[in-house]
Amino acid sequence: MTAALILLQPLTACGPASAENPLPLQLGFYVAADTPCANASNATLLLLRADGIGGARDFCQFLSIRQLSAQDFLVTESCADFQASEAEQRLVRYQIIDAVSFKLSRVNTDQPVLSQPTDTEVFYQGFYCPQSSLPEPWRDNDLSDLGINIKP
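Here the sequence shown stands for residues -19 to -1, 1 to 133, numbered as in mature numbering (1 follows the signal peptide of the UniProt record, and there is no 0).
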């Protein structure tokens, strides 16, 4: 399942993604906040790349990133699942807790951009996991072809 994630070529044709991560977060694996790194699974794990973020079922390419404050970023993403559905654009807010943890919330068009998201709007909260702390198969995946060199 993660093989689809690992085999993706970096996507850069549609947006300003660069070799550097535009979000102030460590590139690599993030697990849902209520899950220890050693218990990560397809359902709880995301891979943050310089050009987007994705899991076992989908990938969201960063199309634009606008910094609202030191911790808040408004991101337009193009998301497609690996079941061959059409990509859909969405607007989300990345709330950076620190360099290794964040919250994701949906942004409604009728919501003031600078308002803080409510807890019900937060759909993912995660923290960085060193690759060596993850279970197989993620522990030994070579991510260097994605521009991520996180293995010791």
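No residue lacks a Cβ here, since even glycine has one placed at the ideal position from N, Cα and C.
Residue i versus residue j - alpha carbon distance
i      : j    : result
Q7     : G128 : 13 Å
T76    : P111 : The displayed chain sequence assigns Gln, not Thr, to residue 76. If you take the alpha carbons of Q76 and P111, they lie about 21 Å apart.
P116   : T16  : 12 Å
F108   : G36  : 14 Å
I(-14) : Y105 : Model confidence at I(-14) stands at a pLDDT of 30, short of 50, so the residue's coordinates are unreliable; what they give is reported in the following sentence. I(-14) and Y105: Cα-Cα distance of roughly 21 Å.
R87    : G9   : 22 Å
Q70    : R47  : 15 Å
L27    : I34  : 7 Å
Burial state of residue i (16 or more Cβ within 10 Å)
i      : result
Q(-11) : Unreliable placement is indicated for Q(-11), whose pLDDT of 29 sits below 50; the coordinate value is still reported in the next sentence. Q(-11) is exposed by the Cβ-count criterion.
D126   : exposed
D123   : exposed
D32    : buried
R74    : buried
Proximity below 8 Å, CB of residue i to CB of residue j
i    : j   : result
Q42  : E67 : no
S114 : C18 : yes
R38  : D62 : yes
A24  : V12 : no
Spatially closest choice to residue i from the options, by CA coordinates
i   : options              : result
P3  : A80, F108, V103, N89 : A80
L44 : Y105, S113, L55      : L55
L29 : R47, A65, E102, F40  : F40
Minimum Cβ-Cβ distance from residue i to chain C less than 8 Å
i    : result
D126 : In the displayed structure, chain C is absent; only one protein chain is listed.
- [ ] Go through the region 39 to 81 residue by residue and report every complete run of the alpha helix (DSSP H) that reaches 4 residues or more, in order.
- [x] none
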